[in-house]
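See below for the structure under consideration.
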Amino acid sequence: MENKLLTVFLASNLGIVAAFAATGAWAVEGGNFDLATGFDYSSGKYGSASATSIFSIPVTGRYMTGLWVFKLTVPYVRISGTTDVVSGGKRFRAITTTATTTVSTTRSGLGDVVAAATYDAYSGSEDDFGIYLTGRVKFGTADTSLGTGQNDYAAQADVYQGFDSFTAMGALGYEVLGSTTGVDLNNVVYGTLGGNFQFTDQTSSGAEMRLSQKPSAAGAGQRELTVYASHRIGESLSVRGYALKGFSDGSPDSGFGVMVSSDF
């Protein structure tokens, strides 16, 4: 029996620069901790006849000190659809197809834990140009039928250029995907391109296009657009909403989510 694996990235995960732009945080002196939670929902056929919906509730802690940002995400995941679709945590979803008929089920539990560290390599106050370098590990901690069970490793560089109230941004990354039993995955290059507009000190909005290589001969690359808006309430609370549209079998057809974060 031949197994095939299709991998698609989760679009709600905005780039490093986009996430900072949405919360209004670019640099931190001393130490600062924030905690965020919310929900993410997406639905897609991923090249199959029926749609699969994935609902997740991530809890993310982020600690910022000096030139470093450390982030840990622990998600709850609920999948409704065929059993050949699994969630790979916050970074990607994997779709497996076999020669047998798939069964539609609903399963839920702990998703893959994701840890990341970002370094502010350059921030120019005069030219408003910056570079962020990020290393990320997705641990294969998801419950059975919710994840691949393998660790993935990624390195990413984000750049931004400010123009008054508008910030152009992009990212280029390389991800090492852990192969599952009987299925060899290729490492992938991915990238993003987008922009953020700061309407006021409290409110911003933007969009980001994300592309990735396909992870296997049977897989599909990612092509999807995410739009978002963020508003800061008071001194410590921020709310961000986003929606996405997929343009390939490697992306969900559509999705949306809301995240609320609080500084401590």
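All residue numbers for the sequence shown refer to this note's numbering, where the first residue is 8 and numbers rise by one. Where a beta carbon is used, it is the ideal one built from N, C-alpha and C, also for glycine. Just so we're clear, the structure is a prediction, and the values are computed from it rather than from any experiment.
Own chain, CB closer than 7 Å to residue i, minus 5 neighbours either side, in chain order
i: residue 194; result: 181, 182, 183, 184
i: residue 204; result: 172, 173, 211, 212, 213
i: residue 221; result: 227, 228, 257
i: residue 255; result: 227, 228, 229, 230
i: residue 158; result: 144, 145, 146, 147, 185
i: residue 269; result: 41, 42, 243, 244
Residue i versus residue j - alpha carbon distance
i: residue 40; j: residue 207; result: 24 Å
i: residue 239; j: residue 69; result: 17 Å
i: residue 177; j: residue 143; result: 17 Å
i: residue 233; j: residue 198; result: 13 Å
i: residue 162; j: residue 169; result: 24 Å
i: residue 192; j: residue 267; result: 35 Å
i: residue 247; j: residue 235; result: 7 Å
i: residue 59; j: residue 131; result: 44 Å
i: residue 111; j: residue 89; result: 4 Å
i: residue 134; j: residue 179; result: 22 Å
i: residue 86; j: residue 73; result: 39 Å
i: residue 187; j: residue 223; result: 12 Å
i: residue 200; j: residue 81; result: 27 Å
i: residue 209; j: residue 218; result: 30 Å
i: residue 215; j: residue 114; result: 31 Å
i: residue 196; j: residue 271; result: 36 Å
i: residue 96; j: residue 156; result: With a pLDDT of 39 at residue 96, under the threshold of 50, the predicted position of this residue should be treated as unreliable, though the coordinate-derived value follows. Each residue's alpha carbon lies about 10 Å from the other.
Same chain, Cβ closer than 6 Å to residue i, five either side skipped, listed in chain order
i: residue 44; result: 66
i: residue 140; result: 126, 128, 164
i: residue 116; result: 150, 153
i: residue 175; result: 168, 202
i: residue 160; result: 144, 183
i: residue 136; result: 168
As assigned by DSSP and simplified to three states, the class of residue i
i: residue 123; result: strand
i: residue 78; result: strand
i: residue 44; result: strand
i: residue 53; result: coil
i: residue 72; result: strand
i: residue 178; result: strand
i: residue 270; result: strand
i: residue 62; result: strand
i: residue 207; result: coil
i: residue 112; result: strand
i: residue 89; result: strand
i: residue 264; result: strand
i: residue 145; result: strand
i: residue 188; result: coil
Distance CB(residue i)-CB(residue j) smaller than 8 Å
i: residue 118; j: residue 154; result: yes
i: residue 47; j: residue 264; result: yes
i: residue 251; j: residue 261; result: yes
i: residue 138; j: residue 120; result: no
i: residue 253; j: residue 54; result: no
i: residue 83; j: residue 64; result: yes
i: residue 1; j: residue 49; result: The question about residue 1 has no answer here: the residues shown for the chain are numbered 8 through 271.
(request) Decide if the stretch 115 to 130 is in contact with the stretch 74 to 83; the criterion is three or more beta carbon pairs, one per stretch, under 8 Å apart. (result) Proximity of the stretch 115 to 130 to the stretch 74 to 83 meets the contact definition, three or more beta-carbon pairs being nearer than 8 Å.
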